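Trainee: In order, the protein sequence lines correspond to chains S and Z. One point on numbering: in the numbering used here, the residue at position 42 of the first sequence is 42, and numbering is uninterrupted. Here the numbering used here = 1-based position in the second sequence + 1000.
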Amino acid sequence: GAVVSQHPSRVICKSGTSVKIECRSLDFQATTMFWYRQFPKKSLMLMATSNEGSKATYEQGVEKDKFLINHASLTLSTLTVTSAHPEDSSFYICSANGQGAIEQYFGPGTRLTVT
Amino acid sequence: TQLLEQSPQFLSIQEGENLTVYCNSSSVFSSLQWYRQEPGEGPVLLVTVVTGGEVKKLKRLTFQFGDARKDSSLHITAAQPGDTGLYLCAGVFAGNMLTFGGGTRLMVKP
């Protein structure tokens, strides 16, 4: 199957700072990438969908100015959590699929802790 | 908003037992995927079903897609402790966006 990586796997930051999470498709070109958030023992919640070279589409209730998404190339999307607060602490997961593909392949996730 | 109901939410069984997880919606899926997730990791794709009535097997796992493409099931035969994890169904209703079910947390005791 296709491989998606995420970096960092874990990050701890202080309240008020910004954190950038990278998502890379390693062996295929990802026309679309997705960002999810997952709370403990819960399912995945879609935050936004991004297509290469265009603005991300955010789900209802997700602040686009807080969660900045950039999909600058067919293999890289970034999620920046700006002015992080403790309630932003969560497990963030990205996924990607190639053009015409229906399967999404997920990254290993990033555990963000805001102190 | 499309909703996927997944049941049961939790399942604790003994090694060797069989189990079935259900995924239901009032809407028609264009396709449905099953994932397995372990703690601290991303979901891993198990199978994709596309055709109504389709049955796919992956070793001891059997996946069925309902004739009307509104429901799906995952059956595990002779469960093993290594099957422990969070099982997620996710449906595609339009485009390529996934809508996830609530997940089934399975624990298989030796």
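Where a beta carbon is used, it is the ideal one built from N, C-alpha and C, also for glycine. Here the structure is a predicted model, which is why all the values come from computation and not from measurement.
1. DSSP on S:Glu52, reduced to helix/strand/coil?
2. When you compare the CB of Z:Phe1063 with every CB in chain S, is at least one pair closer than 8 Å?
3. Let me see if you follow: with CB-CB separation under 8 Å, is S:Leu44 close to chain Z or not?
4. Would you report the Cα separation of Z:Ser1026 and S:Tyr36, rounded to the nearest angstrom?
5. What are the start and end residues of the beta strand (DSSP E) that includes S:Arg111?
6. Report the residues of the segment 61-87 of chain S with a CB closer than 9 Å to any CB of chain Z, ordered along the chain.
7. In the DSSP assignment, what residue or residues form a beta bridge with Z:Glu1030?
8. Distance cutoff 8 Å, beta carbons only. Does Z:Glu1041 sit that close to anything in chain S?
9. Could you check the C-alpha separation between S:Ser15 and S:Asp65 for me, to the nearest Å?
10. Helix, strand or coil: which one does DSSP assign to Z:Gly1082?
11. When the Cα atoms are used, what is the spatial distance from S:Leu26 to Z:Gly1082?
12. Per the contact definition of three or more C-beta pairs closer than 8 Å, is the segment 1070-1077 of chain Z in contact with the segment 91-105 of chain S?
13. Can you give me, in chain order, the residues of the segment 1027-1040 of chain Z that have a beta carbon less than 8 Å from any beta carbon in chain S?
14. Output yes or no for whether 8 Å exceeds the beta carbon distance between Z:Arg1105 and Z:Phe1010.
Mentor: According to the structure shown:
1. Of the three classes helix, strand and coil, the one that applies to S:Glu52 here is coil, per DSSP.
2. Interface residue (Cβ-Cβ distance to chain S less than 8 Å): Z:Phe1063 is not classified as such.
3. Yes, S:Leu44 counts as interfacial toward chain Z.
4. Cα atoms of Z:Ser1026 and S:Tyr36: separation of roughly 24 Å, rounded to the nearest angstrom.
5. Start and end: Thr110 to Val114.
6. Listed in chain order, the positions of the segment 61-87 of chain S with a beta carbon within less than 9 Å of a beta carbon of chain Z would be empty, since no residue qualifies.
7. The residue asked about is misnamed: residue 1030 of chain Z is Ser in this sequence, not Glu. DSSP, once it has assigned bridges, lists no residue as partnering Z:Ser1030.
8. So yes, Z:Glu1041 belongs to the interface.
9. Straight through space, the alpha carbons of S:Asp65 and S:Ser15 are spaced by roughly 17 Å.
10. Correct three-state label for Z:Gly1082: helix.
11. Taken atom to atom, the span from the alpha-carbon of S:Leu26 to that of Z:Gly1082 is near 28 Å.
12. Cβ pair count under 8 Å is below three, so no.
13. Flagged, chain order: Ser1030, Ser1031, Gln1033, Tyr1035 and Gly1040.
14. Yes, the pair counts as a contact, with Cβ atoms nearer than the cut-off.
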